[in-house]
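Taking it in order: structure first as structure tokens, then the write-up.
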């Protein structure tokens with residue numbers, strides 16, 4: 211559609227790959243339609259994937275206790291994030307359509323939400339849903355036997371006392387961890403019958 | 211259990227964080243049991259997360275068409291991967307239990323399998339299952355409206371002709387992409403009723 215802006219976030223090392231073809235054909239077809247197409251070619255850009263304090267220029271809000279979320283939020287407001295991040299944010303803001311393409315997908319999963327939010331009817335769905343790719347698709351696939359997950363829900367919204375309790379309950383579980391049986395790592399465990 | 215070896219893959223920037231506490235208590239409890247505990251503290255190690263040709267030392271098998279999978283496989287056999295990767299592989303091999311811990315999880319998802327493998331009764335489960343964290347947990351969560359996915363299954367097992375067909379079908383879809391309605395990005399779309 212003429213006039214639309216598209217951003218393709220592209221992650222593959224070899225331009226002549228199948229992924230390269232899919233990206234090229236997208237650029238060609240969308241340009242033909244009159245779109246403006248930007249490509250963030252992450253490997254070619256040598257894009258920095260680590261989330262560290264180097265992402266923040268200037269003084270930290272709380273240098274003695276580094277919280278990436280807090281610092282990035284403050285730096286975002288003050289426009290003091292590094293230039294490579296600001297450039298990508300600008301592309302996303304301007305785009306009408308963003309495509310993520312690549313054989314490798316990098317996901318950032320937070321358990322910042324409470325346990326209520328991670329039940330079947332909760333806003334985030336059952337917590338087992340998001341475990342599927344990691345537990346089944348990666349660990350089980352690679353031959354690991356998988357123990358039941360240990361999830362500490364929403365520590366940042368808990369009291370100091372509750373946090374201590376969560377740490378203690380982890381310590382408690384570890385005492386008998388060698389006696390545990392692996393979960394049956396198949397669809398019914400994750401999604402029911 | 212005395213004599214067991216444990217590897218904790220730990221990813222958090224701040225040692226005094228809640229994640230730091232969970233890691234510390236695991237080290238303490240498991241050491242108390244007589245286990246040998248190794249910690250891969252990825253941020254402290256400044257671990258390189260990008261999968262590039264720098265991971266392979268010496269000559270490439272196919273320098274004119276770089277395939278990370280092929281080169282890494284060959285380099286693994288010849289022990290010519292970079293020393294940081296070999297060191298981590300050794301830790302995983304030696305460990306009786308591996309823990310992944312961190313507020314950030316990095317997942318690697320491949321669509322190397324065929325469409326048959328990604329149905330409800332297939333070995334990999336319905337392909338929608340692994341889309342949940344990315345589409346719902348990341349994109350939907352961040353406010354994107356999500357279009358139906360475009361999955362090219364198993365291009366490496368397809369013929370040249372079939373690959374061209376897959377590229378063409380992607381190009382075809384793009385022609386009318388602006389007319390598409392977003393999917394209803396909620397649990398029923400992913401897991402049925």
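Chains as they are written, first to last, in the numbering used here: chain A, 211 to 403; chain B, 211 to 403.
Beta carbons are placed, not taken as given, at the ideal position from N, Cα and C, and that holds for glycine.
Every value quoted in this text rests on a predicted model; they were computed, and no experiment measured them.
With a threshold of 7 Å on Cβ separation, who are the neighbours of residue 316(A) within its own chain once the five nearest residues in sequence on each side are excluded?
For residue 316(A), the predicted model reports a pLDDT of 23, less than 50, meaning its position is unreliable; a value from the coordinates is still stated below. The answer, listed in chain order, is 259.
Whose C-beta lies closer than 6 Å to the C-beta of residue 306(A) among residues of the same chain, with five residues either side of it excluded?
214, 215
Output yes or no for whether 7 Å exceeds the beta carbon distance between residue 226(A) and residue 367(B).
no
Is residue 299(B) close to chain A, meaning its C-beta is less than 7 Å from at least one C-beta of that chain?
no
Just to confirm my understanding: we take residue 245(B), look at its own chain, exclude 5 residues before and 5 after, and list those with CB closer than 6 Å. What are they?
214, 216
Which of the three DSSP states, helix, strand or coil, is assigned to residue 324(A)?
coil
Would you verify that the beta carbon of residue 231(A) is, or is not, closer than 7 Å to some beta carbon of chain B?
yes
What is the DSSP secondary structure of residue 306(B), reduced to helix, strand or coil?
coil
Of all Cβ atoms in chain B, is any one closer than 7 Å to the Cβ of residue 377(A)?
yes
Going residue by residue through the stretch 222 to 274 of chain B, where are the continuous alpha helix (DSSP H) segments of at least 4 residues, counting only ones entirely within it?
228 to 242, 252 to 255
Under a three-way DSSP split, which group does residue 421(A) fall into?
Residue coverage of chain A in this structure runs from 211 to 403, which leaves residue 421(A) outside it and unanswerable.
Rounded C-alpha distance that separates residue 265(B) from residue 298(B)
13 Å
For residue 220(B), which residues in the same chain have their Cβ closer than 6 Å to its Cβ, ignoring the five residues on either side in sequence?
233, 249, 251, 311
Three-state secondary structure (DSSP) at residue 219(A)?
strand
Between residue 340(A) and residue 347(B), which are expected to be in contact by the criterion C-beta below 8 Å, what is the C-beta distance as a whole number of angstroms?
6 Å
Cβ of residue 226(B) less than 7 Å from any chain A Cβ?
yes
Under a three-way DSSP split, which group does residue 330(A) fall into?
coil
Contacts of residue 346(A) in chain B (Cβ-Cβ under 9 Å):
334, 335, 339, 340
Could you name the residues of chain B that residue 371(A) contacts, counting a contact when the two beta carbons are closer than 7 Å?
What residue 371(A) touches in chain B: nothing, since even the nearest Cβ is about 13 Å away.
Contact list for residue 277(B) against chain A, beta-carbon separation under 9 Å:
223, 224, 227
Can you tell me which of the three DSSP states residue 360(B) falls into?
coil
Assign residue 379(A) to one of three DSSP states: helix, strand, or coil.
helix
Within 9 Å of chain A by C-beta, residues of the stretch 250 to 262 of chain B in sequence order
252, 253, 256, 257, 258, 259, 260, 261, 262
In the DSSP assignment, find the alpha helix (DSSP H) that holds residue 285(B) and state where it starts and stops.
278 to 287
Is residue 342(B) closer than 7 Å to residue 400(B) when the C-beta atoms are compared?
yes
Apart from the five residues on each side of it in sequence, which residues of its chain come closer than 6 Å, Cβ to Cβ, to residue 362(A)?
376
Three-state secondary structure (DSSP) at residue 365(B)?
helix
Start-to-end residues for the alpha helix (DSSP H) that takes in residue 401(B)
397 to 401
Proximity to residue 303(B) [Cα-Cα], best of 397(B), 350(B), 383(B), 218(B):
218(B)
Pair within 7 Å by beta-carbon distance, residue 350(B) and residue 395(B)
yes
Can you check whether the C-beta of residue 247(B) is within less than 7 Å of a C-beta belonging to chain A?
no
Does residue 314(A) come out as helix, strand or coil in the three-state DSSP assignment?
Note on residue 314(A): pLDDT 23, under 50, position unreliable in the model; the coordinate value appears next. Note: residue 314(A) maps to coil in three-state DSSP.
Own chain residues within Cβ distance below 7 Å of residue 329(B), not counting five before or after:
336
How big is the Cα-Cα spacing for residue 295(B) and residue 360(A)?
27 Å
Quick one: what does DSSP say residue 347(B) is sitting in, helix, strand or coil?
helix
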